[in-house]
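Residue numbers (the working numbering): 108 to 271. Think of the CB as a built atom: it goes at the ideal place given N, C-alpha and C, for glycine as much as any other residue. Okay, structure first, notes after.
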Ligand SMILES: [Zn+2]
C-alpha cells in the first residue's frame, strides 16, 4: 500500500475539519522547502471517504517546484479518485494562506467549487469556496464553446484495471 493516508468510507462522516487540519499539519513536516523555507502541508478530501496528504517539494531549478495542494491532488488522482469535497492547507504563516493561482486552476479542473480550508501557525483557520478564489474560471466548457459543442460532458471515470 502507498503511504496515502486513508480512512474507511464509513468513517468519512466523522472525519472532522480538525482531523483534516491535523493531517495537513502532519504532512507539512515532510515538506522539502530548503529555498523558500515555507513549508506547506495539504490534504485533499475525496467524496469516497479518503484523504490524501501532500507537501510542497522544491527544486534547485525553481520552476520544477510543486505545491503541497497539487501533490495531494495528484496523489489522489493517481489512485483513481475523481470526486473531491475539500482541500485543507497548513502553513506556519501568521495568517491562513490560500492556494496559489496555479493550484487554484489545477484544483478547479477536478474539484469544481469545493471548500478550501487553511490553517495558520497559531491555529487561525480561513475558509473559502474555490469559486470565490478563482472567479470566471477557465475550464473545458470554454474549449467546448470554441469547438461549438456547448457545455462539456461530465468527466469520465477512470478506467479500472487498465495498465497505466
Ligand atoms: Zn500552489
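When the five nearest sequence neighbours on each side are left out, the beta carbons in the same chain lying within less than 8 Å of the beta carbon of residue 127 are those of 150, 152, 158, 193, 195, 224, in order along the chain. Residue 194: member of the beta strand (DSSP E) spanning 191-197, first to last residue.
Distance from residue 141 to residue 176 at the Cβ level is roughly 20 Å; contact not present, criterion being Cβ atoms closer than 8 Å.
Annotated three-state conformation of residue 256 is coil, per DSSP.
Within the segment 203-253, the alpha helix (DSSP H) runs of at least 4 residues that lie entirely inside it are, in chain order, 208-218, 237-240. Rounded to the nearest angstrom, the Cβ distance from residue 207 to residue 237 is 13 Å, too far for a contact under 8 Å. Non-local beta-carbon contacts of residue 188 in its own chain, meaning distances under 6 Å to residues more than five positions away in sequence, involve 153 in chain order. Residues of the same chain with a CB within less than 7 Å of the CB of residue 235, apart from the 5 flanking positions on each side, are 205, 223 in chain order. By alpha-carbon distance to residue 200, the top candidate from 226, 211, 138 is 226.
Distances taken from the Cβ of residue 239 to the heavy atoms of ligand 1 include none shorter than 7 Å.
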